[in-house]
Amino acid sequence: NMEHGAAEWQGYGTNFPSLMAAGAANDPGLIAALGKATAVEARHIGVNWCLTPDIDLNYNFDNPVTNIRALGDQPARVAALAAPLIQALQANGVAATAKHFPGDGMDSRDQHLVTTVNNLPFAQWLQSYGLVWKRAIDAGVWTIMPGHISLPDYQGFADDPEAAPPATIARELLETLLRQELGFTGLIVSDATGMIGFTSRVAPAERAVAAINAGIDLYLGANPAVDYPALLAAVKDGRLAEERVQEAARRVLSLKARLQLTEQFFGPAPTAVEQASFAQAAQSMADKSVTLVRNDGRHPLDLPTGAKILTVTIMPTNTMIPHDDLTVFDEELRNRGFQVEHLLNPRSDELRAKAQEHDAVFVNVYVAPMMNLGTVRVTFSTFGTWGWRALFMEHPQVMYTSFGNPYLSFELPHAPLLAVTYGGDALAQRAAVKVWLGEIAPQGTLPVQLPTVKIQPLPQ
């Protein structure tokens, strides 16, 4: 995907913050730098097509897939930032892919596990998702990826939304809405076809045929032993028109020609000057993204040199869940002359005792979207370890930081001092320390609306 730089692929290249951090920084120049860095470094190792950017609108704070992968939930801001990213990628020899049409972020479910639904009335879809998709197309994006997501109101399933087929097999979405109404002429690539959101809707032997008939030009994740005979039989018996196969093949070949793959597959290595500028842009984006969500007037904390600081990390330790190691900020604090002790998922009694031995406590929570997990809530606390949630009632200098999910405020509605970095990498940790200590002002602006509890009557 390379959604936040070429470093996403085996650690090579420059790591940038998440797209939602880019949304919080809201700097077109920095997001263009992300595009250029990704393209230059990717092309050098032979990668000529990146499945980015994610231009979904994260309207549902419980969506377990989009979250910090999205630029935000504000259509105008998302559109304004997606365009320079797309253009910078493609100007430097790498195809961009806008995803996931017709738009993820409305459902609280995961399309890896179920067909998800964009349940907006079509008129509202046009004003939100439609605006973003049209701007991406106008910016010249070469490829678009549909999700295993339906748009029932447009598809004629307003009375039975769950029955609406996902875009992957919905010709009315790919050919009528995307191509005819929005004007897209490029290549349509499917999302991974092993997801339950797709496999639960079509029999194995019919999947590739249904997708290509619907308008998919490149079928991602094919099983040649099943799909090739099925496609061949479908062409022979007329269920799949040969003209449709040729149309899809032409789009694939046209993309290869546009990328000049027959002339130069690998790009030149980035220069030392370029590498330095990429690294500087990445850290600048992280610095500009840190958002102070809640402040009771105690920020920045009053910490003289040599003060004793307790850092507390709350994060999943299950090795099946990828996560960043939140230890860089300890080094950053020590380099500034502080005494630092670190606790990982401490029991409540241990945390309370340790907190009283320190001048300040930084509670750092890592939760990020993970496919197949089904949630972005803090669900990994074991019995007796939830005391961190109310530590601010027992110590005068406690600051919470969400290194990932921006909606942590919903789970900590009374924490008086809360920041968000939209990711847990080293860039975010360095930026957080600068903000904690008042070395830089928190410049990020929330790219999403934070949820609140409202009085809600039972449905009639």
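In my numbering, the protein residues as written are 722 to 1181.
Note that the Cβ used here is the ideal one computed from N, Cα and C, for glycine as well.
The model shown is predicted, which means the values in this text are computed figures rather than measured ones.
query                                                                                                                                                 : result
Which residue spans inside the segment 984–1071 form an unbroken beta strand (DSSP E) run of at least 3?                                              : 1012–1015, 1029–1035 and 1060–1065
Tell me whether E724 sits in a helix, a strand or coil according to DSSP, three-state version.                                                        : strand
Which word fits A1074, buried or exposed, when buried means at least 16 other C-beta atoms lie within 10 angstroms of its C-beta?                     : exposed
Tell me the start and end of each unbroken alpha helix (DSSP H) in the segment 858–938 that is at least 4 residues and wholly inside, in chain order. : 873–876, 917–920 and 928–935
Which residues in the same chain have their Cβ closer than 6 Å to the Cβ of L1065, if we skip the five residues on either side of it in sequence?     : T1034
Within 10 angstroms of the Cβ of K957, are there 16 or more other Cβ atoms? Answer buried if so, exposed if not.                                      : exposed
Quick check on this structure: which residue in Q832, N1056 and E1052 has the alpha carbon closest to the alpha carbon of H1063?                      : E1052
Give the DSSP-derived three-state secondary structure of T759 in the structure shown.                                                                 : helix
If you run the structure through DSSP and keep just helix, strand and coil, what is K1175?                                                            : coil
Closer than 7 Å: is that where the CB of T920 sits relative to any heavy atom of the ligand SAH?                                                      : No copy of the ligand SAH appears in this structure; indeed no ligand is present at all.
Considering Cα atoms alone, identify which of G1125, Y875 and K820 is closest to V862.                                                                : K820
What would DSSP say about N788, mapped onto helix, strand or coil?                                                                                    : helix
Mind pulling the alpha helix (DSSP H) runs of 4 or more residues that sit fully within the segment 1131–1173?                                         : 1147–1157
Ignore the nearest five residues each way along the sequence and tell me which others in D828's own chain have a CB closer than 6 Å to its CB.        : T837 and V838
S871 to L903, Cα distance in whole Å?                                                                                                                 : 17 Å
What residue range does the beta strand (DSSP E) around S1123 cover?                                                                                  : V1119 to S1123
If you count every other CB in all the chains shown that lies within 10 Å of the CB of S1123, and 16 or more means buried, which is it?               : buried
Between the C-alpha atoms of L1072 and A791, what's the straight-line distance to the nearest angstrom?                                               : 34 Å
List, from N- to C-terminal side, the beta strand (DSSP E) runs of 3 residues or more that fit wholly inside the segment 803–827.                     : 818–822
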